[in-house]
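In my numbering, the protein residues as written are 715 to 980.
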């Protein structure tokens with residue numbers, strides 16, 4: 715029995731008797747550059763197998779600690795809304811873009827910037843650090859996007875110093891060095907790419923999660939496409955397309971939920 719995710723989703727499409735599949739939906743499913751083999755829980759007590767691009771990777775108990783970090787990365791209880799999902803997907807896209815062109819820096823998705831509004835130029839001068847997070851924000855050297863109550867900041871630099879900063883959200887260290895001065899904290903997740911270096915003090919507070927393109931980018935950008943298609947279909951009252959996109963979305967999520975190595979996010 716074929717248990718690949720693409721096969722199961724194609725069966726959903728057939729069951730809906732939809733012969734004209736929307737281009738965006740087709741792109742989200744058919745052109746995926748990864749595949750996931752679905753393994754029943756009953757046979758994964760000692761090992762778990764995940765397949766990307768037809769390459770089989772077998773993880774023994776010695777490497778299950780990776781999946782524990784992955785499980786943490788799917789904790790959406792605190793920030794569960796559309797703006798959070800959109801902003802984190804955009805952050806994932808930026809991470810991949812920076813990796814591709816070999817840029818270094820820190821990306822953050824945060825929900826509360828009021829603390830930074832209180833930082834005066836005098837305060838940042840006292841810090842006397844061109845690489846301090848506060849200086850990047852206050853001087854306008856950080857690119858900024860707003861998604862409702864969330865802000866996405868992109869700081870492109872080899873070294874970023876977190877100086878008495880509480881990041882209420884996610885942080886993504888892309889090949890850079892993160893240092894800490896004073897009290898620094900990240901309330902959600904800290905993702906790190908290859909060659910990124912994290913201050914041990916921060917790493918003890920927020921265990922870093924190794925960036926995985928297939929897991930943290932490919933899967934959820936495609937889910938975002940399906941979600942967008944569903945919203946558009948509802949707006950134009952194309953209910954057949956709405957039903958199809960929602961059926962695929964929920965099938966995708968249901969099987970991700972069942973996988974020990976992928977856990978729960980949606």
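The C-beta atom is built at its ideal place from N, Cα and C for all residues, glycine as well.
Short Cβ contact (8 Å threshold) for residue i with residue j
i: residue 916; j: residue 894; result: yes
i: residue 820; j: residue 887; result: yes
i: residue 800; j: residue 861; result: yes
i: residue 863; j: residue 825; result: yes
Proximity winner among the options, relative to residue i (alpha-carbon distances)
i: residue 804; options: 851, 899 and 867; result: 867
i: residue 940; options: 953, 929 and 961; result: 961
i: residue 845; options: 861, 872 and 860; result: 872
i: residue 899; options: 912, 881, 906 and 908; result: 881
i: residue 849; options: 824, 928, 879 and 815; result: 879
i: residue 902; options: 921, 811 and 932; result: 921
i: residue 865; options: 927, 802, 925 and 947; result: 802
Through-space distance from residue j to residue i, alpha-carbon basis
i: residue 822; j: residue 964; result: 28 Å
i: residue 874; j: residue 856; result: 11 Å
i: residue 779; j: residue 809; result: Any reading at residue 779 is ruled out, since the residue's pLDDT is 38, under 50, leaving its predicted position unreliable.
i: residue 967; j: residue 934; result: 10 Å
i: residue 859; j: residue 869; result: 12 Å
i: residue 910; j: residue 959; result: 37 Å
i: residue 851; j: residue 883; result: 16 Å
i: residue 847; j: residue 885; result: 12 Å
i: residue 798; j: residue 943; result: 18 Å
i: residue 932; j: residue 807; result: 9 Å
i: residue 957; j: residue 914; result: 48 Å
i: residue 955; j: residue 947; result: 6 Å
Presumed contact (8 Å Cβ cut-off) between residue i and residue j, rounded CB distance
i: residue 896; j: residue 877; result: 6 Å
i: residue 892; j: residue 912; result: 5 Å
i: residue 907; j: residue 815; result: Wrong, their Cβ atoms sit about 13 Å apart, outside the cutoff.
Assigned exposure category for residue i - 16 Cβ within 10 Å defines buried
i: residue 951; result: exposed
i: residue 918; result: exposed
i: residue 818; result: buried
i: residue 905; result: buried
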